[in-house]
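**Student:** Numbering (the working numbering), first residue to last: 26 to 324.
All C-beta atoms, glycine included, are put in the ideal place defined by N, C-alpha and C.
None of these values were measured; they are calculated from a predicted model.
Attaching a single structure in structure tokens format; questions to follow.
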């Protein structure tokens, strides 16, 4: 099978190597700063984006695909890879060459996805695939513990940790912190979530009624992609509290307010790619293979 991998971080570097090891034909572009890729003779390096797109049926883009909706995220390249370069040929009457291609990337914004769907036969946001999301929570939780250890002067054992939200990521973060003897509290809105929090042995608090309770915590971790914590809530916190935001843009903790108040804030995005790039690449490969198998079965 032919794959083209464009841009990305260490996860996609590892993915290219894993796919090549499986005897696939792998083309790459936007990875020229990766020594591993440059030295790997089993991976074909493309000189242009067009070459990478045209050589394969399956195009794999970065995770996240873009951080500004204008340029592709490519940490191993000095090239500027514009989003419009993935779609511009359609406006020159050549869109048929895209129609048999599958485009896979992560965290694709709605407006970018609409443009891609005009071109490609199938567009898949891999970060919306349930099995990958679940597997990534493991690396996210372990990475959050690492962030906490590196940015506090206390041990995690016995520390008071507040986790905002009780979705998939929050559940695994709570489980991991509880496993190393932190005193975990989870904040949620739904009564059923509050009941489950108690059933699992954590303290429960209504996320709408934080207030004075915030002074208890040594570490506060947000998982909700909606503003939850700003200066009003921060006035109750310890001066040495560590704030960690795991939510994607716009996040749930006001960065400017935290800085003005001198609170330590870490916006820990894309932790799986930072703390466990090889495991993350294996999860991505497994997910892609399953998607392609399902697609073939449906034809």
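Using a threshold of 7 angstroms, state whether the C-beta atoms of residue 77 and residue 143 are closer than that.
**Tutor:** no
**Student:** With DSSP collapsed to three states, give me the class of residue 247.
**Tutor:** Strand at residue 247.
**Student:** Short check: CB of residue 193 to CB of residue 162, under 7 angstroms?
**Tutor:** yes
**Student:** Figure out for me which residue from 171, 170 and 132 has the closest Cα to the Cα of residue 153.
**Tutor:** 132
**Student:** For residue 249, tell me which candidate among 239, 263, 262 and 232 has the shortest Cα-Cα distance.
**Tutor:** 232
**Student:** Exposed or buried, which one is residue 109 when buried takes at least 16 other CB atoms within 10 Å?
**Tutor:** By the neighbour-count rule (16 or more Cβ atoms within 10 Å), residue 109 is not buried but exposed.
**Student:** Specify the secondary structure class of residue 169 as computed by DSSP and reduced to three states.
**Tutor:** helix
**Student:** Which same chain residues end up closer than 8 angstroms to residue 71 when comparing Cβ atoms and leaving out the 5 residues on each side of it in sequence?
**Tutor:** 29, 52, 53, 54, 77 and 80
**Student:** For the alpha helix (DSSP H) containing residue 28, list its first residue and its last residue.
**Tutor:** It is not in any alpha helix (DSSP H) - residue 28 instead sits in the beta strand (DSSP E) that spans 27-31.
**Student:** For residue 306 and residue 57, I'd like the C-alpha separation in whole angstroms.
**Tutor:** 19 angstroms
**Student:** Determine the DSSP secondary structure at residue 266, reduced to helix, strand or coil.
**Tutor:** For residue 266, the three-state secondary structure derived from DSSP is coil.
**Student:** What are the partner residues of residue 213, as DSSP defines its beta bridges?
**Tutor:** Under the DSSP definition of a beta bridge, residue 213 partners with 231.
**Student:** Using C-beta distances below 6 angstroms, list every residue in its chain close to residue 101, excluding the 5 sequence neighbours before and after it, in chain order.
**Tutor:** Correct list, in chain order: 56, 58 and 59.
**Student:** So is residue 89 buried or exposed if we call it buried at 16+ other beta carbons inside 10 Å?
**Tutor:** buried
**Student:** For a quick check, are the C-beta atoms of residue 246 and residue 277 less than 7 angstroms apart?
**Tutor:** It is not a contact, given that the beta carbons lie outside the stated cut-off.
**Student:** From what residue to what residue does the alpha helix (DSSP H) around residue 256 run?
**Tutor:** Element bounds for residue 256: 256-259.
**Student:** Looking at the structure shown, is residue 91 part of a helix, part of a strand, or coil, going by DSSP?
**Tutor:** strand
**Student:** Alpha carbon to alpha carbon, what distance is there between residue 264 and residue 178?
**Tutor:** Cα to Cα, the separation comes out at about 13 angstroms.
**Student:** Helix or strand or just coil, what does DSSP make of residue 252?
**Tutor:** If DSSP states are grouped into helix, strand and coil, residue 252 belongs with coil.
**Student:** Per DSSP, residue 292 forms a beta bridge with which residues?
**Tutor:** 270
**Student:** Find the nearest neighbour of residue 50 within the set 292, 65 and 61, judged by alpha-carbon distance.
**Tutor:** Per the Cα distances, 65.
**Student:** Thinking C-beta only, is residue 40 closer than 7 angstroms to residue 310?
**Tutor:** yes
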